[in-house]
Amino acid sequence: MYEHMIAVTNHRLCRVPGGMDPTEDGCFKPGTKLWEAYLDQIRRIVNVKPRAVVLREKDLSPEIYRKLARKVAQICQEQEQQLILNTTPAVAAQLGVGKLHLPMSILRSEGRPQKAEYVGTSVHSVNEVKEALELGADYLFAGNIYETDCKKGLPGRGLDFLRQVCMESSVPVYAIGGVNEERLPEILSTGAAGGCMMSGFMKL
26 MYEHMIAVTN
36 HRLCRVPGGM
46 DPTEDGCFKP
56 GTKLWEAYLD
66 QIRRIVNVKP
76 RAVVLREKDL
86 SPEIYRKLAR
96 KVAQICQEQE
106 QQLILNTTPA
116 VAAQLGVGKL
126 HLPMSILRSE
136 GRPQKAEYVG
146 TSVHSVNEVK
156 EALELGADYL
166 FAGNIYETDC
176 KKGLPGRGLD
186 FLRQVCMESS
196 VPVYAIGGVN
206 EERLPEILST
216 GAAGGCMMSG
226 FMKL
């Protein structure tokens, strides 16, 4: 099951010790109980062998993200788990990580990083597929497919949209947004390579 799924992290969804609030700004940093609980959660995720782990964490400062990425990279390396950083090319270069997930805006403005081994981006329309491929994307996240708590009130684009993206793409496509284990069979039926799951992995 998990070999078709990509784990997308979010420290605010992490199970927390002692009633700590993971949504409280400033409580997630090296040396805190939440930090250690998060690293334990990464170990649980890696143990079930997803296709890849995307270290998302968009709301962290560059300094904290770099420190976190070093720790997570070590855990993934020990278990031969593919790690994809969701950050700027400069941070990835500092950490020696060649796999990146970049917004289309960065690919448009900066192009594909020369030293990157593997680069993905997210598309939200069929028209963006061709552009993403021309910019050098090796895989695509297509979403949001289902309505999700991460984007409350935004209707899912649905399986027909996902099917169209897959037909237009020459690289693997992964569904994102409201994805869970139960929905994976219908996702795969569209021609997608798999799905991205956040909440399910962060609460294993």
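Everything in the sequence shown is counted per our numbering, starting at 26 for the first residue and increasing by one.
Glycine included, C-beta positions come from ideal geometry on N, C-alpha and C.
Remember, predicted model here, so these are calculated numbers, not experimental data.
- Query: Taking Cβ to Cβ, would you say L110 is nearer than 8 Å to C101?
  - Reply: No.
- Ignore the nearest five residues each way along the sequence and tell me which others in Q106's own chain have a CB closer than 7 Å to its CB. Excluding residues within five positions, the ones whose Cβ falls inside 7 Å are V71, V78.
- Query: Does DSSP put S194 in a helix, in a strand, or in coil?
  - Reply: Collapsing the DSSP output to three states places S194 in coil.
- Would you please state the rounded distance, in angstroms, between the beta carbons of K228 and R91? I believe it to be under 8 Å. In this structure, K228 and R91 do not form a Cβ contact; the two beta carbons are roughly 26 Å apart against a cut-off of 8 Å.
- Tell me, to the nearest whole angstrom, how far the beta carbon of G123 is from that of A94; I am working on the premise that it is less than 8 Å. Contact between G123 and A94 is ruled out by a C-beta separation of about 13 Å, above the 8 Å threshold.
- What is the DSSP secondary structure of L127, reduced to helix, strand or coil? Three-state result, L127: coil.
- Going by CA-CA distance only, name the one from C221, H149, I67, D163 that's closest to G203. Checking every option, the nearest Cα to that of G203 belongs to C221.
- Task: With DSSP as the reference, label F53 as helix, strand or coil.
- Result: DSSP, read as helix, strand or coil, puts F53 in coil.
- Query: Are the beta-carbon atoms belonging to R69 and N35 less than 8 Å from one another?
  - Reply: Judged by beta-carbon spacing, N35 lies beyond the 8 Å limit of R69, meaning their Cβ atoms are not closer than that value.
- Task: Starting from I201, follow its DSSP beta bridges and name the residues at the other end.
- Result: Note: I201 sits in a beta bridge opposite G168.
- Message: Let me check one thing: in DSSP terms, what residues is L110 bridge-paired to?
- Response: Its beta-bridge partners are L80, L125.
- Considering C221, what are the terminal residues of the beta strand (DSSP E) in which it resides? Where C221 is concerned, the enclosing beta strand (DSSP E) stretches over 219-222.
- In or out: G219 buried (at least 16 other Cβ within 10 Å) or exposed? So G219 counts as buried.
- Taking L165 and T215 to be in contact with their CB atoms under 8 Å, please state how far apart those CB atoms are, rounded to whole angstroms. That belief does not hold up - the Cβ atoms of L165 and T215 are roughly 13 Å apart, past 8 Å.
- Task: Flag this pair as yes or no: are the beta carbons of G161 and H149 separated by less than 8 Å?
- Result: Cβ atoms of G161 and H149: not closer than 8 Å.
- Same chain only: Cβ atoms within 7 Å of Q189, ignoring 5 sequence neighbours per side: Result list for Q189: V151, in chain order.
- Query: Taking DSSP as the reference, what is the three-state secondary structure of A162?
  - Reply: Note: A162 maps to coil in three-state DSSP.
- Query: Which of helix, strand or coil does DSSP assign to A7?
  - Reply: Outside the displayed range of the chain (26 to 229) lies residue 7, so it cannot be described from this structure.
- Query: Thinking just about the alpha-carbon of each residue, which of E211, G225, V144 is nearest to the one in P197?
  - Reply: It is V144.
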